[in-house]
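Read in order, the letters of the sequence shown are residues -22 to -1, 1 to 391 in mature numbering (1 follows the signal peptide of the UniProt record, and there is no 0).
All C-beta atoms in this analysis are idealised placements derived from N, C-alpha and C, irrespective of residue type, glycine included.
Read the structure below first, then the notes.
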Amino acid sequence: MNQLLFAGFLALVGGWATPAVAQPAQYRAAQDSLTAELGTLRGQGYFNGFGVAIVSRQGVLYQHGFGLVDVQAGKVYSIHTVQNIGSVSKTVVGLALLKAQELGKLQLDDPVNKYLPFRVVNPNFSEVPTTIQQLATHTSSIRDNDFYLSKNYYLKPGQNLTVLPLAFEDEQTFVPADSAVALPVFLQNVLTPQGKWYQPKGFLNRRPGELYEYSNMATALAAYIIERACGQPFPRFTARYITKPQHLRDSGWSFGEIDFSRYSRLYQSPTVPLPYYGLTTYPDGNFISSVADLGTYLHELLRGYYGQGTVLTPASYRELFRPELTAKNFESRNECNPYNESYNVGIFMAFGYTSYVGHTGGDPGVVTLLFFDLKSGISRVLLLNTNLAARAGGTTIFKIWDTLVRYQHRVVS
């Protein structure tokens, strides 16, 4: 198997880099050197395929795919390979919330129950309203209960499931497609006392707005509120105001919205493929995209931070990127990893303890990092189709990331 993977890598190295900004010879040489170093790291065999991009305010400086999207077929991973990106999807929800606010459809300080056909209340503080802002800053007191992992991930219909695992790790189960429910049904079943998947421990014993607790369910609820407030499905709203204006042609929220022929097989480990799956709570982690589109998306975020974006007004971008929390909102803050969601947060936009802003993503077969550096104004994205099966694989991921950092100024003209 390693020989096959390495052969795929050798076939790739010369063919998939696509700099979007014209570069003189010295910068092309730096790109070639970067490609060779990343290819060597890919050749270690800890993951099957990945893509990277380096972006500045001027545009995408470097983007490249490495490895394979399908080991058995020997199909290569390109910059237009698509896969789900995990929780980096939440940043799209943040943009959508602020666009809905610009359109006068909602206000972030509105109570969530103003827009819902069912009531969501923390049973420990039933008199305290939960706001949209609290959903977006992970301070709503809503937690992911046991059923988030066991009822949320559904199998793509019509696929051959022979020898494929139907569970991921110990608690996460892939349910048959005909058992999947619509997002509002899932939310009502999990978040209301009458729901069949409701658990009181799905809410913290803390007042809404008081404590940071990362919540996928809160993200999905925020997206559903956008649907209710704007009178259209969330995917249609984001297509109209985000993906189509930015020409993100590889991107969508479901298999039906993208070219499935370019969809990557995801892997539990380099030798164990996973079935194709979707999420009922798709807004929290099932945005499907490519490195090419993520580079374009990151370019818009970067320009937005500096007051030059087009999706939102400058005022809305300032709100997106404004740290909302203080030390009192955390029981502990992560000051060891600069790339995390547990130090501060804007509107679904994470801040590390240093100068990095962005988000990470993880799901079965998915690892994603998307961050930009406020000091340098350079941003990077890394998207992998294989989970980490060994500690050394995690080390290699950060070697890839550090290599991008080391080259980021060398590929800038």
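Counted within 10 angstroms of its Cβ, other Cβ atoms place residue i as buried (16 or more) or exposed
i      : result
T338   : buried
P178   : exposed
F350   : buried
C314   : exposed
H225   : exposed
Q79    : buried
Q112   : buried
T221   : buried
K174   : exposed
V163   : exposed
L182   : buried
G287   : buried
A(-12) : Because A(-12) sits at a pLDDT of 34, beneath the cut-off of 50, its placement in the model cannot be relied upon, and the point is left open.
A8     : buried
P251   : buried
H42    : buried
D156   : exposed
Which of helix, strand or coil DSSP assigns to residue i
i    : result
F233 : helix
Y385 : helix
T274 : helix
N322 : strand
F62  : Inspection of the sequence shows that residue 62 is occupied by Asn rather than by Phe. Of the three classes helix, strand and coil, the one that applies to N62 here is strand, per DSSP.
Y219 : helix
P316 : coil
V99  : coil
V269 : helix
A114 : helix
T332 : coil
K53  : strand
D156 : helix
Beta-carbon proximity check, residue i vs residue j, cutoff 9 Å
i           : j    : result
residue 416 : V33  : The question about residue 416 has no answer, for the chain in this structure spans -22 to 391.
L12         : Y40  : yes
N363        : S242 : yes
E15         : T381 : yes
G355        : Y295 : no
L366        : L347 : no
G336        : S320 : no
L303        : T115 : yes
L352        : L76  : no
I236        : I204 : no
residue 410 : I63  : Examination of residue 410 is not possible in this model, given that the chain is present from -22 through 391 alone.
Q85         : A370 : no
Boundaries (first-last residue) of the alpha helix (DSSP H) holding residue i
i    : result
S247 : First-last for S247: Y245 to S247, but that is the beta strand (DSSP E), not the alpha helix (DSSP H).
T216 : F212 to T216
R6   : A3 to R20
Y126 : D124 to K129
R206 : N194 to C208
L76  : S67 to E80
F164 : L161 to L169
Q177 : Run containing Q177: none; DSSP gives neither H nor E here.
Where the beta strand (DSSP E) through residue i begins and ends
i           : result
R296        : Counting along the chain, R296 falls outside any beta strand (DSSP E), though it belongs to the alpha helix (DSSP H) covering P292 to L298.
I32         : G27 to S34
V345        : V344 to D351
residue 425 : Outside the modelled stretch of the chain, which goes from -22 to 391, sits residue 425, for which no answer is possible.
Y190        : Per DSSP, Y190 belongs to no beta strand (DSSP E) and is neither H nor E.
Any contact between the segment 118 to 136 and the segment 207 to 222? By contact I mean 3 or more CB pairs, one from each, below 8 Å.
No, the segment 118 to 136 is not in contact with the segment 207 to 222.
When you compare the segment 64 to 84 with the segment 326 to 334, are there three or more beta-carbon pairs, one atom per stretch, that lie closer than 8 Å?
Yes: at least three Cβ pairs fall under 8 Å.
Closer than 8 Å is the cut-off here; do at least three beta carbon pairs connect the segment 265 to 284 with the segment 147 to 156?
Counting C-beta pairs with one atom in each stretch, the segment 265 to 284 and the segment 147 to 156 have fewer than three that are closer than 8 Å, which means they do not touch.
Inter-stretch contact (C-beta, 8 Å, three-pair minimum) for the segment 256 to 274 and the segment 193 to 205
In short, these stretches touch, since the Cβ pair count reaches three.
Is it a yes or a no for the segment 180 to 189 touching the segment 117 to 133, going by three-plus beta-carbon pairs under 8 Å?
Touching, yes, given that three or more Cβ pairs across the two stretches are closer than 8 Å.
Per the contact definition of three or more C-beta pairs closer than 8 Å, is the segment 96 to 112 in contact with the segment 159 to 179?
By the Cβ rule, the segment 159 to 179 counts as touching the segment 96 to 112, because three or more pairs are nearer than 8 Å.
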